[in-house]
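Peer 1:
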Ligand code: SF4
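Chains as they are written, first to last, in this note's numbering: chain E, 164 to 527; chain W, 1162 to 1233.
#1: With the cut-off set at 8 Å, would you say residue 296(E) and residue 324(E) are in Cβ contact?
#2: Judging by CA-CA distance, which residue of 514(E), 180(E), 202(E), 222(E) is the nearest neighbour of residue 1164(W)?
#3: In the structure shown, what three-state DSSP assignment does residue 279(E) receive?
#4: Give the straight-line distance between the Cα atoms of residue 402(E) and residue 379(E), rounded to the nearest whole angstrom.
#5: Which parts of the stretch 380-460 of chain E are runs of the beta strand (DSSP E), unbroken and 3 residues or longer, counting only runs that do not cross its ends?
#6: Can you give me the Cβ contacts of residue 318(E) inside the same chain, cut-off strictly under 8 Å, excluding the 5 residues immediately before and after it?
#7: Hey, does residue 1208(W) have any beta-carbon neighbour from chain E nearer than 8 Å?
#8: Going by C-alpha to C-alpha distance, which of 188(E), 475(E), 168(E), 439(E) sits closest to residue 336(E)?
#9: Under 8 Å between the Cβ atoms of residue 291(E) and residue 361(E)?
#10: Please report the distance separating the alpha-carbon of residue 183(E) from that of residue 450(E).
#11: Tell me the DSSP secondary structure of residue 1225(W) in three-state form.
#12: What does a CB cutoff of less than 6 Å around residue 294(E) pick up in its chain, not counting 5 residues either side in sequence?
#13: Tell me whether residue 526(E) is buried or exposed, calling it buried when 16 or more other Cβ atoms sit within 10 Å of its Cβ.
#14: Measure the CB-CB distance between residue 111(E) and residue 502(E) and report whether it falls below 8 Å.
#15: When you compare the CB positions of residue 437(E) and residue 478(E), do they come within less than 8 Å of one another, or not?
#16: Who are the Cβ neighbours of residue 301(E) in its own chain at under 6 Å, not counting the five residues just before and after it?
#17: Between the stretch 347-354 of chain E and the stretch 188-195 of chain E, are three or more C-beta pairs nearer than 8 Å?
#18: Is any beta-carbon of chain W found at less than 8 Å from that of residue 175(E)?
#19: Quick one, are the C-beta atoms of residue 210(E) and residue 220(E) less than 8 Å apart?
#20: Answer yes or no: do residue 1197(W) and residue 1182(W) have a C-beta to C-beta separation smaller than 8 Å?
#21: Less than 8 Å between the C-beta atoms of residue 1212(W) and residue 359(E), yes or no?
#22: Return yes when at least one heavy atom of the ligand SF4 lies under 7 Å from the C-beta of residue 502(E), else no.
#23: Give the interface partners of residue 308(E) over in chain W, defined as CB-CB distance under 8 Å, in chain order.
#24: Only counting the same chain, and skipping five residues up and downstream in sequence, which positions put a Cβ closer than 6 Å to that of residue 512(E)?
#25: What I want to know is whether the C-beta of residue 1209(W) ends up closer than 7 Å to one or more non-hydrogen atoms of the ligand SF4.
#26: Tell me the DSSP secondary structure of residue 1206(W) in three-state form.
#27: Give every residue of the same chain whose Cβ lies closer than 8 Å to the Cβ of residue 1200(W), excluding the five residues on either side of it in the sequence, and list them in chain order.
#28: Does the beta-carbon distance from residue 487(E) to residue 207(E) come in below 8 Å?
#29: State yes or no: is the beta carbon of residue 1219(W) nearer than 8 Å to at least one beta carbon in chain E?
#30: Could you round the C-beta distance between residue 326(E) and residue 171(E) to whole angstroms and report it? I think they count as a contact, below 8 Å.
#31: Answer with buried or exposed for residue 441(E), where buried requires no fewer than 16 other C-beta atoms within 10 angstroms of its C-beta.
#32: So what's residue 1178(W) in DSSP terms, helix, strand or just coil?
#33: Starting from the C-beta of residue 467(E), find all residues in its chain whose C-beta is less than 6 Å away, skip the five residues before and the five after it, and write them out in chain order.
Spelled out as structure tokens, the structure:
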């Protein structure tokens, strides 16, 4: 087994889609809160396989998209400082700040390096002791353990020219915010890889408190369609509970080693989400013992605006209130080559996925 | 960036492993995993193994899907 192709069987996908059409008698609105789901749904043309009475909404699950404008501007500020090196995941490079992006900072001479893992960033710091190496840490519970282990290693080896600007976030507060904001949904397609770390138990509150269905889904076409079918059934029978479709990688309790590492390094803080504003205890900042490696603590920053100075409606899209096509810039002045907003940058961003795969779906 | 992909462990050296994704080789940190061994598939994310993939559950899921389809 390779754990990919087996879940892309065209025949099985079609048969799953007809099972969904057969059982879906009412109207359903399900939200996926993971950028990789948004991407997979579009990439595999799954929307065209679903009946019109099932709507899939994209929620606040793309880390690049939900990171606040002021976070982007802070990294760009550090990139412009003498002696600084910014080591970043590639997705952040082209996110527009209020004045420019990291990519344009590089054209102006800033030292920006793309890394695949925070460990590479630490390695760059160890090899360049005269430079201040900063890693802008984005991502949900999936990515936080990687940053946490890197900080543990930095502290142990006492590498003091390395620091992290943390925009790490945790998923449940945003899922609460969607519901509290009055967005009508019948079910959550819960993020599979976040759940690999946290376990599925963190979603129990949604069926129990709000009567919203919850299924932890994998990322292949059959995974997603099976999850939709499971959600339809929960709604049909009003039997709301947390189910795991992605059993090959998710358990109820999750990865306890990773949870311990997160707890050792990070503590929760109120954090700003694009589109939502400040959500209580929704972000992770390094604990006091890691202050030396916390860029927020180490450096002084100017005050930055939270809201981008454009007509971008990313914030509304991240709440599932609007579609990319509702934005007057979509596909015109905003496209993957020239992104105006964060949602057009990352492959997990809703606008990016809509733009890239719209033709694909028409053909399907 | 949230991408996590199945990778096969080819050799283990302490908390490090060499893994293969579709024939391409990568270095992975496996300190978040308990008893990861050669031949295991893991989810690789940002250079770290974040979970072992269960072959048994993978097969059960496929079987379940097959049964759903047969009934409709
Ligand atoms: S199309 Fe561009 S400008 Fe419009 S909401 Fe999406 S990212 Fe923002």
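Idealized CB from N, CA, C, for every residue including glycine.
Peer 2: On the basis of the coordinates in this document:
#1: In this structure, residue 324(E) lies closer than 8 Å to residue 296(E) by Cβ.
#2: Looking at the Cα atoms, 202(E) is the closest of the given residues.
#3: Here residue 279(E) sits in coil by DSSP.
#4: In this model, residue 402(E) and residue 379(E) are separated by some 16 Å (Cα to Cα).
#5: Counting only runs of 3+ residues, the beta strand (DSSP E) found wholly inside the stretch 380-460 of chain E occupies 405-407, 429-436, 440-449, in chain order.
#6: Cβ neighbours of residue 318(E) beyond the five flanking positions: 452, 453, 455, 456.
#7: Under the Cβ criterion of 8 Å, residue 1208(W) is counted among the residues facing chain E.
#8: Taking only the C-alpha atoms, the option nearest residue 336(E) is 439(E).
#9: In this structure, the beta-carbon distance from residue 291(E) to residue 361(E) does not fall below 8 Å.
#10: Spanning the two alpha carbons is a distance of roughly 47 Å.
#11: In the three-state reduction of the DSSP assignment, residue 1225(W) falls in the helix class.
#12: 246, 248.
#13: A caution first: residue 526(E) carries a pLDDT of 43, below 50, which makes its placement in the model unreliable, though a value can still be read off. Exposed.
#14: A question about residue 111(E) goes unanswered here, because the residues of chain E that appear run from 164 up to 527.
#15: Contact flag set, yes.
#16: If we look at residue 301(E) and ignore the five residues flanking it on each side, its Cβ neighbours are 226, 230, 330.
#17: Counting Cβ pairs under 8 Å, three or more are found: they touch.
#18: So, interface residue.
#19: Residue 220(E) is positioned such that its CB atom lies no closer than 8 Å to that of residue 210(E).
#20: Not closer than 8 Å, so no.
#21: Between residue 1212(W) and residue 359(E), the C-beta gap is smaller than 8 Å, which places the two residues in contact.
#22: Within the chosen limit of 7 Å, the ligand SF4 reaches the beta carbon of residue 502(E) through at least one heavy atom.
#23: Within 8 Å Cβ-Cβ: 1193, 1209, 1211.
#24: The beta carbon of residue 512(E) sits closer than 6 Å to the beta carbons of 225, 228, 506 from its chain, once the five residues preceding and following it are set aside; these are given in chain order.
#25: Result no, Cβ not under 7 Å from the ligand SF4.
#26: Residue state, collapsed to three classes: strand.
#27: Within the same chain, residue 1200(W) has close Cβ partners 1169, 1170.
#28: Not closer than 8 Å, so no.
#29: When Cβ-Cβ separations below 8 Å define contact, residue 1219(W) makes contact with chain E.
#30: With a beta-carbon spacing of about 42 Å, residue 326(E) and residue 171(E) fall beyond the 8 Å limit used to define contacts.
#31: Exposed: under 16 other Cβ atoms inside 10 Å.
#32: Three-state DSSP puts residue 1178(W) in a strand.
#33: Answer for residue 467(E): 233, 236, listed in chain order.
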